[in-house]
Structure formats: C-alpha cells, structure tokens
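A short write-up of the structure that comes next.
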Amino acid sequence: MPLRATDNVLVLPLLGLLLEQPRHQYALLAELRARYGWRVRTGSLYTLVGSLRDVGWIEPHDRGRSPGGDKPAPTVFRVTQAGKDELAQRVVADLTDPDPMNAPRFVMALAYIGILDRTTAIAALTSRIEVLRKRVDDWEQAITASGLAPIYMIETDFLVSQTRHDIDWLERFISRIADSNYVWPTGPRKRRKS
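For any residue, its number in the numbering used here is found by taking its place in the sequence shown, counting from 1, and adding 2.
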C-alpha cells in the first residue's frame, strides 16, 4: 500500500481516462473494470479521486441535474494542466523503468504514450532498449561463464530470448513513431464507439 495516495498505481490510468474524456467517479470505476479488468473498491477509488483533486491534478468539470430529477448529477471530473504534466512524467518514468517486476506499469504507460511528443517518446523507448541490451549481454555472459549444461541455465536462455523479442518490438515501434505518416495524437485520445 503506498504511503501517499498519489503513489497509487491507479493514478496513471485514472489521469489517462480523464484525459480521454471527463467522467464521474462511477464511470471511472466501470471503465477500469471493463478495460483493464481491475477489481477496485468503490470507496478506494472515490478516496483516490479526492486525493487527485486535492493535489490539483483533476477538477470538477460540470455538475448539472440528473435526467428527470431534482437530484444533482454526479460530479464529472477532468484533468488539469498539472494533471497532464504529471501523467506525462509518469508515462516517461514507466517507459524507461526496465525492471521486469514493473512490466504491467510499462504496458499501462504504453497505453498513454500519445501524451508525449514524438521526440520524448522515442528518447524514453531508446533508453529502455539500451538497458535491455545491457541485460541481455550480462545474461549471455553468465550463461557462458557458468560452465553448466544448457538445461541448467534454460530460464536465463528464455529471458534472453524474451528480452531480444522486446527489443525488436521496441525498435519497430520507434521506427513507426519516427515516420511522419504514422498518426500521432495532438490532443486527448478518443475511444471508438463499438
């Protein structure tokens, strides 16, 4: 459990979802469950939204009346400029963190890489590739230096193969980003209607 609410792993997807479009708290909860399969407690999410509001990363967007009633509609939130800046910083940090234990955070950061300009996105992914190449070299040296039969280092061999695949994918993705014909967002991402 993070010591500060703003250290919560949900901050990045919440800011990203609100950047796509303003939403009320229950819509955020439903989207986290539908898109990512996360089972988040309602109270935890509402508390986190309050924390994001308190630090100035989100703000109320509008508040009207419920359709067909006098009861106020739920507060809809949107991302502030400070929230956009924070989201961009988190995306860069999670894209450049090559710790295998943080793989889910890397994938989540990829989902929102479009908040970065092309140059920053390429630099972050290139930094990750450099670290991954060093890791592959270290593992290959460890396999050779071990003097063991290959079966006893098979897990390392698997990691080398998997990491080489990741490097190849990242290099192809960087090539796409660098291509001016590759569509790159200039604003919030819009979800397609199903």
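C-beta atoms are modelled at their ideal positions from N, C-alpha and C, and glycine is treated no differently. Keep in mind it's a predicted model, so treat the numbers as computed, not measured.
Per-residue DSSP class, three states only, for R166:
Indexing the sequence shown from 1 puts residue 166 at position 164. Correct three-state label for R166: helix.
Of the residues D101, R137, D170, the one placed nearest T158, counting alpha carbons only
For the purposes of this step, residue 158 is identified with residue 156 of the sequence shown, where counting begins at 1. Of D101, R137, D170, the residue nearest in Cα terms is R137.
I need the straight-line Cα distance from K73 to E61, nearest angstrom please.
Position 71 of the sequence shown, counted from the start, is the residue given in the question as residue 73. Position 59 of the sequence shown, counted from the start, is the residue given in the question as residue 61. Taking the straight line from one Cα to the other gives about 21 Å.
Here's the rule: buried if 16 or more other CB atoms are within 10 angstroms of the residue's CB, otherwise exposed. What is L17?
Mapped onto the sequence shown, residue 17 falls at position 15. The residue in question, L17, is buried, as its Cβ has 16 or more Cβ neighbours within 10 Å.
Does the beta-carbon distance from I179 to I131 come in below 7 Å?
Start at 1 with the first residue of the sequence shown, and residue 179 comes out as number 177. Start at 1 with the first residue of the sequence shown, and residue 131 comes out as number 129. Not a contact, by the Cβ cut-off of 7 Å.
Find out if the Cβ-Cβ distance for the pair L172, R92 is shorter than 7 Å.
By 1-based counting over the sequence shown, the position of residue 172 is 170. By 1-based counting over the sequence shown, the position of residue 92 is 90. No, the Cβ-Cβ distance between L172 and R92 is not below 7 Å.
Should V106 be labelled buried (16 or more other beta-carbon atoms within 10 Å of its own) or exposed?
In the sequence shown, the residue the question calls residue 106 occupies position 104. The displayed chain sequence assigns Pro, not Val, to residue 106. The residue in question, P106, is exposed, as its Cβ has fewer than 16 Cβ neighbours within 10 Å.
Roughly how many angstroms separate the alpha carbons of F175 and A32, rounded to a whole number?
Counting from one through the sequence shown, the residue named residue 175 turns up at place 173. Counting from one through the sequence shown, the residue named residue 32 turns up at place 30. So the two alpha carbons sit approximately 30 Å from each other.
If you follow the beta strand (DSSP E) that R80 is in, where does it begin and where does it stop?
One-based indexing of the sequence shown puts residue 80 at position 78. R80 -> beta strand (DSSP E) spans 78-81.
Taking a contact to mean a Cβ-Cβ separation below 7 Å, would you say V57 touches T8 in this structure?
Here the question's residue 57 lines up with position 55 in the sequence shown. Here the question's residue 8 lines up with position 6 in the sequence shown. A contact, by the Cβ cut-off of 7 Å.
If distances are taken between C-alpha atoms only, which option among P100, V11, W186 comes closest to Y38?
Along the sequence shown, read from residue 1 onward, the residue named residue 38 stands at position 36. The shortest Cα separation from Y38 among P100, V11, W186 belongs to V11.
Contacts around E88, its chain only, beta-carbon distance under 7 Å, and the 5 residues preceding and following it disregarded:
Locating residue 88 in the sequence shown gives position 86, where the first residue counts as 1. Counting only Cβ-Cβ distances below 7 Å, and skipping sequence neighbours, we find L17, W59.
For I156, count neighbouring C-beta atoms within 10 Å of its own C-beta (all shown protein chains included) and say buried if the count is 16 or more, exposed if not.
Indexing the sequence shown from 1 puts residue 156 at position 154. With fewer than 16 other Cβ atoms within 10 Å, it is exposed.
Reduced DSSP secondary structure (H/G/I, E/B, other) of R178:
Numbered from its first residue, the sequence shown carries residue 178 at position 176. Three-state result, R178: helix.
What span of residues does the beta strand (DSSP E) with P62 cover, start to end?
For the purposes of this step, residue 62 is taken as the residue at position 60 of the sequence shown. Here the beta strand (DSSP E) through P62 covers 60-64.
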